[in-house]
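Enquirer: In the UniProt record's numbering, the protein residues as written are 1 to 423. Here a beta-carbon is modelled for each residue, glycine too, at the ideal position from N, C-alpha and C. Pasting in a structure now, in structure tokens, and then I'll have a few things to ask.
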Ligand code: PMP
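Shown next, in the form of structure tokens:
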């Protein structure tokens, strides 16, 4: 039994840890936009915490300057590449990446016009607009199903930019790649030209030919992604909770967050559970539960849907990559989260907490509720999750009721009441 005195001392200790975090932020003059990356607060999700009787805490990654958790990864990938001599800041060499948006925006927040981004045609349009405002070059590609090994974005980015060893299998790729000189120039698609005016960017002179002219960030394979979380997000969560957490819940797009944070917190206390929130159409749930990457029948069903559109953006994957392989051994359990549940959670949270969150954050919070209910946690436990980005990145799809109706996804927040009340 913890005494009242011990409890209040604990509160003071954790309050002062939190205060220290804030003091660092408030008392220092931060160095430019990159100084704003990381050190995000942990916010208590009051409605869910009170309904469940335990603490549900969200790492407010939407407060990063590029608007998502991926700012940490972009910064670390760029810093590591510069340290390794793969990227030369002063010669203006370019940074290439295949992404559904967040990582591209984060790279462009740091590198602006040096960012060259490949993204599928079916992602929320506001992400493309943000990239163009930041000065990035954007190339849209045919929407690729996440169950399609051959057409994934990382592969397309690599091929378009002349990375040769990708053709026979992305799993064998090195961690980072130099882009050969003379890589093709990028143009926006017709759609984007119509929306944004002509923007055709010629390949720039990136400096002496002997220097690398570009860097393929490759978030799926690049271990800098893992280390951004292992040395950044994970220790921050540990400090902010004074190590008093019982579970960490996260989706996986590249697996960087769940792998990096998961490994760090397990290294501090192996009893803390690391739990995956997996959206419809992703193969990781089956991989964690049954050690198969996907159920073929399920994959066929979801493939059709994904060729049209995906409502939950940023998480879900069906292929093994460096970062997924690093993450899986420390994942204790997984929950399949339906699109309807994610939508319901987002509407529940705006109504009860005033939190306007993106689709992956909503998935994460549904998984927190399912975990608490499954384990019968009712008092004293703390679950930490990630609030990856804000609803402002999702106006045209996840937060567009007409779009959801057309996609036959119900908008029914009573689903959350039901989950909360499930015995
Ligand atoms: N949420 C959003 C909105 C994202 O863009 C991503 C990255 N794809 C994630 C969550 C998942 O993060 P990770 O890549 O670390 O698995």
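Comparing C-alpha positions only, which one of 421, 82, 237 and 102 sits nearest to residue 93?
Expert: As a position in the chain shown, residue 93 is number 93, starting the count at 1. Checking every option, the nearest Cα to that of residue 93 belongs to 82.
Enquirer: Just verifying my parser: in three-state terms, what is the DSSP assignment at residue 244?
Expert: Position 244 of the chain shown, counting from 1, holds the residue named residue 244. The answer is coil: DSSP assigns residue 244 none of H, G, I, E or B.
Enquirer: Quick one: what's got a C-beta closer than 6 Å to residue 215's C-beta in the same chain, skipping five residues either side?
Expert: The residue you call residue 215 lines up with position 215 of the chain shown. Same-chain partners within the cutoff: 81, 86, 87 and 95.
Enquirer: Hey, would you say the C-beta of residue 69 is under 7 Å away from at least one heavy atom of ligand 1?
Expert: On the chain shown, position 69 is the one that residue 69 refers to. Under cutoff, so the answer is yes.
Enquirer: The beta strand (DSSP E) spanning residue 60 covers which residue range?
Expert: Numbered from 1 along the chain shown, position 60 holds the residue referred to as residue 60. Element bounds for residue 60: 55 to 60.
Enquirer: Using 8 Å as the threshold, is the C-beta distance between residue 312 and residue 255 below it?
Expert: Numbered from its first residue, the chain shown carries residue 312 at position 312. Numbered from its first residue, the chain shown carries residue 255 at position 255. No, Cβ-Cβ distance for residue 312 and residue 255 is not below 8 Å.
Enquirer: Can you tell me where the beta strand (DSSP E) holding residue 43 begins and where it ends?
Expert: Against the chain shown, residue 43 aligns to sequence position 43. Start and end: 42 to 44.
Enquirer: State yes or no: is the C-beta of residue 401 within less than 8 Å of the C-beta of residue 411?
Expert: Indexing the chain shown from 1 puts residue 401 at position 401. Indexing the chain shown from 1 puts residue 411 at position 411. Contact flag set, yes.
Enquirer: Evaluate residue 405 with the Cβ neighbour count: other Cβ atoms within 10 Å of its Cβ, from every protein chain shown; 16 or more gives buried, anything less gives exposed.
Expert: As a working note, residue 405 is residue 405 in the chain shown. Exposed is the call here.
Enquirer: Count the other CB atoms within 10 Å of the CB of residue 53; is the residue buried (16 or more) or exposed (fewer)?
Expert: Taking the chain shown and counting its residues from 1, one reaches residue 53 at position 53. Residue 53 should be labelled exposed.
Enquirer: Skipping 5 residues on each side, what residues in its chain have a beta carbon closer than 7 Å to that of residue 123?
Expert: For the purposes of this step, residue 123 is identified with residue 123 of the chain shown, where counting begins at 1. Correct list, in chain order: 100, 101 and 313.
Enquirer: I'd like to confirm the pairing. Which residues does DSSP put opposite residue 119 in its beta bridges?
Expert: As a working note, residue 119 is residue 119 in the chain shown. Answer is 140.
Enquirer: Examine the Cβ distances between the segment 362 to 375 and the segment 336 to 354 and report whether three or more of them are shorter than 8 Å.
Expert: As far as the Cβ criterion goes, the segment 362 to 375 touches the segment 336 to 354, which means the pair count is three or higher.
Enquirer: With a threshold of 16 other CB atoms inside 10 Å of the CB of residue 84, please say whether the residue is buried or exposed.
Expert: By one-based count along the chain shown, residue 84 stands at place 84. Answer is exposed; the Cβ neighbour count stays below 16.
Enquirer: Would the beta-carbon of residue 317 fall within 8 Å of that of residue 282?
Expert: Locating residue 317 in the chain shown gives position 317, where the first residue counts as 1. Locating residue 282 in the chain shown gives position 282, where the first residue counts as 1. Their beta carbons are under 8 Å apart, which means residue 317 touches residue 282 by this criterion.
Enquirer: Is residue 28 helix, strand or coil when you go by DSSP?
Expert: As a working note, residue 28 is residue 28 in the chain shown. Residue 28: coil per DSSP, three-state reduction.
Enquirer: Can at least three beta-carbon pairs, one atom from the segment 103 to 116 and one from the segment 227 to 238, be found at a separation below 8 Å?
Expert: Short answer: they don't touch.
Enquirer: Considering Cα atoms alone, identify which of 322, 409, 289 and 64 is closest to residue 339.
Expert: On the chain shown, position 339 is the one that residue 339 refers to. Here the closest residue by C-alpha is 409.
Enquirer: Taking C-beta to C-beta, are residue 366 and residue 277 nearer than 8 Å?
Expert: Taking the chain shown and counting its residues from 1, the one referred to as residue 366 is at position 366. Taking the chain shown and counting its residues from 1, the one referred to as residue 277 is at position 277. It is a contact, given that the beta carbons lie within the stated cut-off.
Enquirer: Check this for me: beta carbons of residue 75 and residue 40, under 8 Å apart or not?
Expert: For this step, residue 75 is matched to residue 75 along the chain shown. For this step, residue 40 is matched to residue 40 along the chain shown. Going by C-beta atoms, residue 75 is not nearer than 8 Å to residue 40.
Enquirer: Can you tell me whether DSSP reads residue 98 as helix, strand or coil?
Expert: For the purposes of this step, residue 98 is taken as residue 98 along the chain shown, with counting starting at 1. Here residue 98 sits in strand by DSSP.
Enquirer: Scan the segment 371 to 411 and note each continuous beta strand (DSSP E) run of 3 residues or more that stays entirely inside, going in chain order.
Expert: With a minimum length of 3 residues, the continuous beta strand (DSSP E) runs that stay inside the segment 371 to 411 are 382 to 387.
Enquirer: How is residue 168 classed by DSSP in three states: helix, strand or coil?
Expert: In the chain shown, counting from the first residue as 1, residue 168 sits at position 168. At residue 168 the pLDDT is 26, less than 50, meaning the model places this residue with poor confidence; the figure from the coordinates comes in the next sentence. If DSSP states are grouped into helix, strand and coil, residue 168 belongs with coil.
Enquirer: When DSSP labels each residue in this structure, what does residue 311 get in the three-state scheme?
Expert: Locating residue 311 in the chain shown gives position 311, where the first residue counts as 1. If DSSP states are grouped into helix, strand and coil, residue 311 belongs with coil.
Enquirer: Roughly how many whole angstroms lie between the Cα atoms of residue 271 and residue 129?
Expert: Taking the first residue of the chain shown as position 1, residue 271 is located at position 271. Taking the first residue of the chain shown as position 1, residue 129 is located at position 129. Their Cα atoms are separated by approximately 43 Å.
Enquirer: Counting along the chain, where does the alpha helix (DSSP H) carrying residue 70 start and finish?
Expert: Numbered from its first residue, the chain shown carries residue 70 at position 70. Segment 70 to 83, the alpha helix (DSSP H) holding residue 70.
Enquirer: Look at the Cβ atom of residue 223, then the Cβ atom of residue 322, and state whether they are nearer than 8 Å.
Expert: In the chain shown, the residue the question calls residue 223 occupies position 223. In the chain shown, the residue the question calls residue 322 occupies position 322. Their beta carbons are under 8 Å apart, which means residue 223 touches residue 322 by this criterion.
Enquirer: Regarding residue 313 and ligand 1, is the C-beta to nearest heavy atom distance less than 7 Å?
Expert: Residue 313 sits at position 313 when you count from the first residue of the chain shown. Flag set: Cβ of residue 313 near ligand 1.
Enquirer: Per DSSP, residue 357 is paired with what?
Expert: By one-based count along the chain shown, residue 357 stands at place 357. DSSP output for residue 357 lists 390 as bridge partner(s).
Enquirer: In the structure shown, what three-state DSSP assignment does residue 263 receive?
Expert: Taking the first residue of the chain shown as 1, we reach residue 263 at position 263. The answer is helix: DSSP assigns residue 263 an H, G or I state.
Enquirer: In chain order, what residues of the same chain lie with their CB nearer than 7 Å to the CB of residue 263, ignoring the 5 residues before and after it?
Expert: As a working mapping, residue 263 is identified with position 263 in the chain shown. Counting only Cβ-Cβ distances below 7 Å, and skipping sequence neighbours, we find 230 and 330.
Enquirer: Nearest to residue 43 by alpha carbon, out of 62, 36, 30 and 37?
Expert: Walking along the chain shown from the start, residue 43 turns up at place 43. It is 62 whose Cα lies nearest to the Cα of residue 43.
Enquirer: Tell me which residue opens and which closes the beta strand (DSSP E) that residue 276 is part of.
Expert: The residue given as residue 276 occupies position 276 in the chain shown. Its beta strand (DSSP E) spans residues 273 to 279.
Enquirer: Determine the burial state of residue 269: buried for a count of at least 16 other Cβ atoms within 10 Å of its Cβ, exposed for fewer.
Expert: For the purposes of this step, residue 269 is identified with residue 269 of the chain shown, where counting begins at 1. Burial call: exposed.
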